[in-house]
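Read through the structure below, which is laid out as structure tokens, and then see the notes.
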């Protein structure tokens, strides 16, 4: 690679500035107190330089030797969007493990890979997005309603389980070094944020004080007070009329004053625009007013570019330089905490080599977590585990051979992925295995991808040429050019650029290549994009859409001649804030199951692998499918085409195992008759196929437990919700907790929170408490004998719930302690758990906070939340 004289001159000049700054300025001295270093740096920075450091894409200050830095990186279940990384199960799958020590180990691995990637990026002078040390995870919002598409990113519906797994995540990411943080973690989205996705930029969540303090805030409080989380991300929505990123109650009164939080508050991406954009919250007249309001309410760092208007806000007196300095201090503290202003030899992880990424022990941990996430919900007549001597297996379903589905969203890219079909084949190499996709997730048509017949037209290169422009007219040189050999699906949801170097707003793209028809007959092309596009075949316009309809998938079918080549070109322009580009080519055949039944007629067992996909549920998506809207679900039923296929498979008269891949709970009561066993595999990451096969054939004893309630029907959920006259507070948009989750559901669900079966049989004995009467502020220990009355060792998840007697406004019960442990066959373990003083705290109107409530309580314990199977013991709490 040739380097020009000018480039070398610039590099040497910049290095010289860095060396000068390191020797002359106190802020560079790692032995000085942080406060002194921050004071020095603030005194040196000009106002425009300060403002330039207050956005996620922090601008360099060459005269002080400060490089550019991008605060935006993701690590929800592995380092994301930054090349190869170990991909663990999606967060909801981690929630199903109920394993706090394993969660810490996982995120210690993730932060190790993050440091190694950062080191490599710095060596290559790569300061771009996703290669930094500040990770915007975990998502600790409460999964209050299964319709929310981003619930897959959470640890489920319970505040305590979320708190414990969230704390392990933060500690694993941030490390325990006394001077430096390994990386930054970020508690998001603060607060009261769990859908809908389609109106999140304008939605105003209205909640009671009780729900706020008992459900929506506990996990955030735990991460701030116990986890010392260094970043908190405020949400898109408003709470009680004020946008969360400028909310006086949330940010000033609770976070800063009551909880004493001293870290950074970062906005969700482009959330500041919602303060002043028409059709969003529009609580402020313009960008300077919005930026000033956020600073005044203690927001520090913006993901977006509205903070550029702080220059105007400063000149007009909307905000003072002292207020900007006070806000900037938290950001500069982050620079110092991460060691980014110090000699690298002083930072303990600076020598981590890139080779630790995707290390064998990391891949083994991904398999361990995938296995532990497997949640067996139904096992009639002990059908599972299946015998390995089975002669013929039929593997059917849209998720059976889908690798990208297993990655979830906010994902990295693994070096390899084992699909569920591959896992079964590897497990039984001598068994005859018949595979048929059977149907798509939702579409009643069978669509066979023909993407492999696309080429760029250059040296036979497979795929399509993709050109992204930083203008919406495809003018000048592309900002990024790449070859896509996998499939065209790009989105800047949440403010994510379509590709490195591409802006978030005012972009366009051109996608081009050659299609060689593999047969004579109809070929289908589909496209969707925002905010307008045109599709050409042989330079003839065949599809065009603008506005909203451009984001809804359209289809064009044309007859083609086998072996003939056709020029394909898709041109897209972005007009609004969101940008997406999707293109597919496929063969389209009517759905028909009779041939499938003939193929499996002599199979010994049918394994149906279906459910949902991150292509259907997720963040602010444009999905044109029955039962889905904007990334959320309108229905929580299994899609109709899959219900029909399951019913047809049942007609074959074979045992049916349903492997359910999903990021949320589904209402399966109407389908229960069509399968004998139900294994929830979530979105299990790179090793999911191996983990599923291990469970199906008995090499791993499942012990996953539901982190969410599986309702019988959507009607069961909606009938229990509080009723409102306001249309904006009905159904999914109702944020009241009454009728939702195991804590407030008054009827029996299909599968309760905490439910999960094992191949072992566990029995609980009579528990003992170390005290029967508790004074306010005291802890109580409970010792529970748990016996494995079977011939197979396995994990059990011991769960302890607290119910406040004689209080109809309190939750039905609340999880207060749990532990996952292995018990040998025929053995008994005495499991000792502590209920801390938070276990008996409930909302008090006078205190406007959670306080210990005197009175009678019932402690319920066992392997599920279902009261009918739990043991019970009484305890009293004395008044202060």
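Numbering (our numbering), first residue to last: 1 to 880.
For glycine and all other residues, C-beta sits at the position ideal for the given N, C-alpha and C.
Using only the alpha-carbon positions, how far apart do residue 359 and residue 365 sit?
Using only the alpha carbons, I get a separation of about 10 Å.
Taking the alpha carbon of residue 170 as the reference point, which residue from 241, 152, 255 and 77 has its own alpha carbon closest?
Just measuring C-alpha positions, the residue of 241, 152, 255 and 77 sitting nearest residue 170 is 77.
Going by DSSP, name the residue or residues bridged to residue 885.
The shown model of the chain, from 1 to 880, leaves out residue 885, and the question about it has no answer.
Could you tell me the alpha carbon to alpha carbon distance between residue 789 and residue 824, rounded to whole angstroms?
Between residue 789 and residue 824, the alpha-carbon positions lie close to 9 Å from each other.
Outcome for residue 519 when other beta-carbon atoms lying within 10 angstroms are tallied against a minimum of 16
Under this definition residue 519 is an exposed residue.
Determine the burial state of residue 333: buried for a count of at least 16 other Cβ atoms within 10 Å of its Cβ, exposed for fewer.
So residue 333 ends up on the buried side.
Tell me residue 763's beta-bridge partners as DSSP assigns them.
Answer is 787.
Helix, strand or coil: how does DSSP classify residue 519 here?
It is coil, neither helix nor strand.
Could you please give me the residues that DSSP links to residue 833 through a beta bridge?
Paired residues: 782.
Can you tell me whether residue 320 is helix, strand or coil according to DSSP?
DSSP places residue 320 in coil when its eight states are reduced to three.
Pick helix, strand or coil for residue 600, following the three-state DSSP scheme.
Of the three classes helix, strand and coil, the one that applies to residue 600 here is coil, per DSSP.
Pull up the distance between the alpha-carbon of residue 376 and that of residue 654, whole angstroms please.
C-alpha separation (whole angstroms): 20 Å.
Thinking residue 442 and residue 616 are a contact (beta carbons under 8 Å), I'd like their distance in whole angstroms, please.
About 7 Å; that satisfies the 8 Å criterion.
DSSP state of residue 26 mapped onto helix, strand, coil:
If DSSP states are grouped into helix, strand and coil, residue 26 belongs with the helices.
Where residue 477 falls, given that 16 or more other Cβ within 10 Å makes a residue buried
Residue burial is scored here from C-beta neighbours: residue 477 has fewer than 16 other C-beta atoms within 10 angstroms and is therefore classed as exposed.
Go ahead and pull the three-state DSSP assignment for residue 297.
It is coil, neither helix nor strand.
So, is residue 556 buried or exposed, given that buried needs 16 or more other C-beta atoms within 10 angstroms?
Under this definition residue 556 is an exposed residue.
I want to know whether the stretch 131 to 143 touches the stretch 685 to 699 - three or more CB-CB distances under 8 Å.
Result no; under three Cβ-Cβ pairs closer than 8 Å.
Going by DSSP, name the residue or residues bridged to residue 859.
Residue 859 is bridged by DSSP to 802 and 873.
State the start and end residues of the unbroken beta strand (DSSP E) segment that holds residue 361.
Element bounds for residue 361: not the beta strand (DSSP E) but the alpha helix (DSSP H), 360 to 373.
What would DSSP say about residue 211, mapped onto helix, strand or coil?
Of the three classes helix, strand and coil, the one that applies to residue 211 here is helix, per DSSP.
Between which two residues does the beta strand (DSSP E) containing residue 820 stretch?
If you look at residue 820, you'll find it in the beta strand (DSSP E) that goes 814 to 823.
Measure from the alpha carbon of residue 480 to the alpha carbon of each residue in 495, 217, 499 and 229, then state which is nearest.
Of the candidates 495, 217, 499 and 229, the one whose C-alpha sits nearest the C-alpha of residue 480 is 499.
Mind checking whether residue 842 and residue 803 have CB atoms under 8 Å apart?
Going by beta carbons, residue 842 and residue 803 fall outside the 8 Å limit.
If you measure between the beta carbons of residue 304 and residue 272, is that distance less than 8 Å?
Contact: yes.
Measure the CB-CB distance between residue 486 and residue 34 and report whether it falls below 8 Å.
No, the pair does not count as a contact, with Cβ atoms beyond the cut-off.
Span of the beta strand (DSSP E), counted from its first residue to its last, around residue 128
Premise fails: residue 128 is in no beta strand (DSSP E) and is neither H nor E.
Specify the secondary structure class of residue 135 as computed by DSSP and reduced to three states.
In the displayed model, residue 135 falls within a strand according to three-state DSSP.
Run through DSSP, which three-state label would residue 245 get?
Here residue 245 sits in helix by DSSP.
Helix, strand or coil for residue 34 per DSSP?
The answer is helix: DSSP assigns residue 34 an H, G or I state.
Ordered along the chain, which non-local residues of its own chain (more than five positions away) have a Cβ less than 6 Å from that of residue 184?
The answer, listed in chain order, is 134, 230 and 231.
If I measure Cβ to Cβ from residue 7 and keep anything under 8 Å in the same chain, skipping five residues before and after, which residues do I get?
Residue confidence for residue 7 is low, a pLDDT of 46 falling below 50, so the modelled location carries little weight; the figure read from the coordinates is stated next. Closer than 8 Å at Cβ, skipping near neighbours: no residue.
Taking residue 843 as part of the alpha helix (DSSP H), name the residues at either end of that continuous run.
Element bounds for residue 843: not the alpha helix (DSSP H) but the beta strand (DSSP E), 841 to 844.
In terms of DSSP beta bridges, what is residue 795 paired with?
Residue 795 is bridged to 822.
Name the residue from 444, 411, 407 and 412 whose alpha carbon lies nearest to the alpha carbon of residue 420.
The candidate whose alpha carbon is nearest that of residue 420 is 407.
Just to confirm, is the Cβ distance from residue 782 to residue 815 under 8 Å?
For the 8 Å CB-CB criterion, residue 782 and residue 815 do not form a contact.
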